[in-house]
Amino acid sequence: MSLTQDRQKSPVKITAIKAMQLQDSRTLIKVETDAGVAGYGECHGSGAFAREAIAMLEGPRLPHLGLIGKDPLAIDVHFHNMFYAYPQRGRVVRIWSGIDIALWDLAGKLLGQPVSKLLGGNFRDAIRLYSHCPNGGDFLSKAEWRDRAQALKDDPHGFTAFKVDIHSV
Numbered sequence: 007m008s009l010t011q012d013r014q015k016s017p018v019k020i021t022a023i024k025a026m027q028l029q030d031s032r033t034l035i036k037v038e039t040d041a042g043v044a045g046y047g048e049c050h051g052s053g054a055f056a057r058e059a060i061a062m063l064e065g066p067r068l069p070h071l072g073l074i075g076k077d078p079l080a081i082d083v084h085f086h087n088m089f090y091a092y093p094q095r096g097r098v099v100r101i102w103s104g105i106d107i108a109l110w111d112l113a114g115k116l117l118g119q120p121v122s123k124l125l126g127g128n129f130r131d132a133i134r135l136y137s138h139c140p141n142g143g144d145f146l147s148k149a150e151w152r153d154r155a156q157a158l159k160d161d162p163h164g165f166t167a168f169k170v171d172i173h174s175v
């Protein structure tokens, strides 16, 4: 979606894209602007790899793909340039996802709107709050699942369900 279709281009320009390593293999992407407003996105991949991918995106080999100096509200243009104009995608798509999320966060801040509204509005008025059940333990043990369910009931955060990641089982 381009937020600039029905109005003038934004006078705000992107000044920097930064990456910071979080826990495990997650990275926080920060898109900065000349207006002093920043957007944040999270993605999978090391901070070092993210910085390398950003340097490639902004480098002299791919000048048409760079975001520095561009309108942060032209999100669809940036996504198209990152995703479709660069043929060797692989794991770099993860970093582009973080940039895309950061651009949406930034757009919401610049326009004073929740991102959900920019994406078409709320689909629901409420969502079920769930926790993540980390890998580990015996997934076939009824006793272990009973213990996990009890811990969930006892949790003060109000979780009513949990998501289980069993892809590595």
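Numbering-wise (the working numbering), the sequence shown opens with residue 7 and increments by one. Think of the CB as a built atom: it goes at the ideal place given N, C-alpha and C, for glycine as much as any other residue.
**Under the three-state DSSP convention, the category PHE129 falls into** = Coil.
**Asked** In or out: MET88 buried (at least 16 other Cβ within 10 Å) or exposed?
**Response** buried
**Message:** For a test of the three-state rule: what should DSSP assign to PHE168, helix, strand or coil?
**Reply:** strand
**Distance between beta carbons of THR166 and ARG134, contact taken as under 8 Å** = 6 Å
**Prompt:** Between the stretch 145-159 and the stretch 121-128, do three or more beta carbon pairs fall short of 8 Å?
**Reply:** no
**Message:** Any heavy atom of the ligand COA closer than 7 Å to the beta-carbon of LYS123?
**Reply:** Absence of the ligand COA is noted for the structure shown, with no ligands found whatsoever.
**Prompt:** Whose C-beta lies closer than 6 Å to the C-beta of HIS138 among residues of the same chain, with five residues either side of it excluded?
**Reply:** LYS169
**Message:** Our contact map puts ILE20 next to GLY104 with C-beta atoms below 8 Å; I'd like the distance itself, whole angstroms only.
**Reply:** With a Cβ gap of about 14 Å, ILE20 and GLY104 do not count as contacting.
**Request:** Rank GLU38, TRP110 and ARG97 by C-alpha distance to the C-alpha of ARG32 and give the top, closest one.
**Result:** ARG97
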